[in-house]
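This report concerns only the one structure given below.
In this note's numbering, the protein residues as written are 25 to 696.
What follows is the structure, encoded as structure tokens:
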């Protein structure tokens, strides 16, 4: 390229001299730190030298940074990427409605209109705002429903958000939008490839012009037409843009180097280009007053695109204009870099703050919580942590997904453990309900039992078991308790009524027994001993049939009765056998009055053993009688017979006593 310029036959017109800016770019390229203007020249390819061109702003634009990415090194402000066909380009948000104040129906109506319009490049910001506003309203509805669910006494775990037809419709509209967007992107890609072919043809036509033999006026007009056509062609695939621009720029430079343009036309073109670049300098300098540095920086990229697409200026003003424009660009870039560093520092602080919240959430997730109260307390803590998380701004992009996943993971672990705790507690409550239901069934089966003392002990044991069983589901708690309490109350009320009547009867019984004692004391002895014996037995039978008396009177009445009987025995001449039977009857009566069932049963068992032993002895003696014979054996035989007779008499006495015990025991158990 340099050799071509040096050998240019038009050098006498000053058109073949090397571009000082281009030379400066070549010189600075080898330095470790590239100056703003030199860096710009490297990326644009001799954009402001002798052979400046009228180029296409649509094919070369600046990589846009959102503040979360590292900007290009140095003060590079011009690139070769396409941006104006970005399908994610936001529409003008200044006139955007306040979607947060709208109902779900209004939001869906707006979304439907946007989808119907199919204005893909201009609707993304509005659609995102509608979606966020809709789910904010939806989440608020769910929160209210859950609060009512809990306030009604239901388990929070059992809450499930109801089906929302509006949400289904929202997703259908968003799906339509995604399909439209995909079709639009496909269409744009197809257009870019078509534009690539058109621009490649324009480059070939300019190449032909540079070698043609047409008249100067006609050639220059054709060149201008091709430049306008180039500018009107849309975007090309991003990966092809830089090479395409280099090819185009090369052919344009060749055109200016080799085509014999008359000096008047060239000077007029240079003058017009200089006016354009002066205006660009002035507009760039105004950006120094812009408070929004991001906006200023992005606007500057558009000015650089326009500068690059503007043709050359007179040589005498070339360096001056470029230095003026570069100086302003450098100042804006410095501010942008400072804002970037400030934002980076802020994002690092946010990262530290979110890391601390992750550690707190992980600590809560790792705790062993065993009570409902503690779960409620720790849940409040983690919800507060989540609220604080939402107030913290962005973190560096490379850490964003990682820190979010870490925080979400610990929160999920916490709430999974909480869910499992309440699920296990719910299962345990169901098991407790079954246990208490079993106790209710037992209590209901016993509530009408009149074996008061034994049943009372059983009820007390059931109540102890009830207390050991844990809680049941809240909805069943009151009903199951009332059921058990009702059975217990039924029994104890009946028992109290029974003993209330018993106390009344005991007082009446005491009075009856006092009368019997008086009758014994005043008894007129008969001459007939059998009548006297019958009378005593009658007194004892009447005494035994009277029933219980109060505890405080029982001992005194028994002593008075015993003394009256003993005094009567002294008056009567009664056999030892009869006396023994009467005394035994009297002793058993005392046990009965004391309700000493255990003593009577022990005596009953003892008599059964003795009776069995006597029976065995009688059988043995009777068997032995067959072995005795002769005069010597007669005496032994008589002794054996006497023993048999005596044993039988003892057996009869014991059988009478056992009969007394049996009757008394049956009577006591009947009265319980």
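Glycine included, each C-beta is placed from N, C-alpha and C at the ideal position.
- In the displayed model, residue 391 falls within coil according to three-state DSSP, outside both helix and strand.
- By the Cβ-count criterion, residue 484 is exposed, with fewer than 16 other Cβ atoms from all chains shown falling within 10 Å of its own Cβ.
- Taking a cut-off of 8 angstroms on C-beta distances, the segment 471 to 489 touches the segment 503 to 522, as three or more cross pairs fall below it.
- Taking all protein chains shown into account, residue 232 has fewer than 16 neighbouring C-beta atoms within 10 Å of its C-beta and is therefore exposed.
- Annotated three-state conformation of residue 552 is coil, per DSSP.
- Between the segment 429 to 436 and the segment 450 to 469, the count of C-beta pairs closer than 8 angstroms stays below three; the two stretches do not touch.
- Close CB contacts of residue 507 within its chain, under the 6 angstroms cut and outside five residues either way in sequence, are with 464 (chain order).
- Taken through DSSP and simplified to helix, strand or coil, residue 418 comes out as coil.
- Relative to residue 182, the option among 163, 685, 443 and 372 whose CA is nearest is 443.
- For residue 144, no alpha helix (DSSP H) run applies, since DSSP gives it neither H nor E.
- Exposed is the label assigned to residue 632, since fewer than 16 other Cβ atoms lie within 10 Å of its Cβ.
- With contacts defined as CB atoms closer than 8 angstroms, residue 567 and residue 513 fail to qualify as a contacting pair.
- A direct Cα-to-Cα measurement between residue 318 and residue 304 gives close to 19 angstroms.
- The alpha helix (DSSP H) runs of length 4 or more contained entirely in the segment 490 to 551 are, from start to end of the chain, 498 to 545.
- The residue among 328, 206, 662 and 297 with its C-alpha nearest the C-alpha of residue 307 is 328.
- Taken in chain order, the unbroken stretches of alpha helix (DSSP H) that lie wholly in the segment 177 to 259 and span 4 residues or more are 189 to 234 and 240 to 256.
- A contact is defined here as three or more CB-CB pairs under 8 angstroms, and the segment 126 to 142 meets this definition with respect to the segment 190 to 206.
- Look at residue 337 here: in three-state DSSP terms it is coil, with no helix or strand label.
- Your pair residue 169 and residue 145 does not check out as a contact, with CB atoms roughly 39 angstroms apart and the cut at 8 angstroms.
- For residue 312, there is no enclosing alpha helix (DSSP H), as DSSP marks it with neither H nor E.
- With contacts defined as CB atoms closer than 8 angstroms, residue 368 and residue 420 qualify as a contacting pair.
- Counting C-beta pairs closer than 8 angstroms gives three or more between the segment 672 to 692 and the segment 628 to 643, which meets the contact rule.
- The way I'd put it, the segment 584 to 598 does touch the segment 544 to 555; three or more beta-carbon pairs between them come closer than 8 angstroms.
- Assignment of residue 596 by DSSP, reduced to helix, strand and coil, places it in the coil class.
- If you draw a 10 Å sphere on the C-beta of residue 352, you find 16 or more other C-beta atoms in it, and that means buried.
- With the rule of 3 Cβ pairs closer than 8 angstroms, the segment 355 to 369 does not count as touching the segment 328 to 341.
- The three-state reading of DSSP puts residue 127 in coil, since its state is none of H, G, I, E or B.
- For residue 641, the uninterrupted alpha helix (DSSP H) run begins and ends at 621 to 648, by DSSP.
- Excluding its 5 nearest sequence neighbours in each direction, residue 314 has C-beta neighbours in its own chain below 6 angstroms: 320, listed in chain order.
- Closest in alpha carbon position to residue 493, among 164, 503 and 454, is 454.
- Nearest Cα to residue 151 within the set 682, 139, 691 and 426: 139.
- For the options 253, 549 and 219, the alpha carbon positioned closest to that of residue 265 is the one of 219.
- In the three-state scheme derived from DSSP, where H, G and I count as helix and E and B as strand, residue 618 is classed as coil.
- Fewer than three pairs of CB atoms, one per stretch, sit closer than 8 angstroms, so the segment 344 to 351 makes no contact with the segment 390 to 406.
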